[in-house]
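For the sequence shown, our numbering assigns the number 14 to the initial residue and increments by one for each residue that follows.
For glycine and all other residues, C-beta sits at the position ideal for the given N, C-alpha and C.
Remember, it's a predicted structure, so these values are computed and weren't measured experimentally.
Remarks on the structure that follows.
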Amino acid sequence: MKHTAARTRRAVLRATTHSHTGPDTALRGPGRDRRGARTWARANRAAIRLTTRVQEGLQEAARRPDRGDISTTTVIIWVAAVTGAVLIAGTIAIVIAKYNGKLNGL
Numbered sequence: 014m015k016h017t018a019a020r021t022r023r024a025v026l027r028a029t030t031h032s033h034t035g036p037d038t039a040l041r042g043p044g045r046d047r048r049g050a051r052t053w054a055r056a057n058r059a060a061i062r063l064t065t066r067v068q069e070g071l072q073e074a075a076r077r078p079d080r081g082d083i084s085t086t087t088v089i090i091w092v093a094a095v096t097g098a099v100l101i102a103g104t105i106a107i108v109i110a111k112y113n114g115k116l117n118g119l
């Protein structure tokens with residue numbers, strides 16, 4: 014059977030992690046030496062882990078649509094608090110700059 018990159022991608026996307034998979038069960042293409050097989054196995058494991066993690070995240074998002082995302086009210090409160098802090102700091106900086114010469118004796 015002819016080995017194609019598209020079929021490999023499909024296989025990786027459908028793959029699930031099993032306890033019996035490991036570096037010894039890596040796919041070896043024609044002309045691959047031992048080091049190339051280890052690199053190939055490492056790339057396959059990384060692709061399977063990434064695919065599995067993405068699938069788990071999508072399943073979790075489908076199961077619980079509201080996962081504790083920040084509400085609009087919380088964003089408004091934080092924006093107001095930061096704006097207030099910036100205004101207070103700006104006012105203090107303006108007052109200090111204006112009366113800098115007169116405050117030297119304090």
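Beta-carbon within less than 6 angstroms of Q72's beta-carbon, same chain only, minus the 5 sequence neighbours each way: which residues are those?
none
Use the C-beta contact count for N57: other C-beta atoms within 10 angstroms, 16 or more gives buried, fewer gives exposed.
buried
How many angstroms separate the CA atom of R47 from the CA atom of V95?
58 angstroms
Would you report the Cα separation of A60 and R76, rounded to the nearest angstrom?
A direct Cα-Cα distance of roughly 24 angstroms separates A60 from R76.
I83, DSSP secondary structure in three states:
coil
Report the rounded CA-to-CA distance for L108 versus G97, giving the unit in angstroms.
Correcting the residue type first, residue 108 is Val in the shown sequence and not Leu. Each residue's Cα considered, the two are about 17 angstroms apart.
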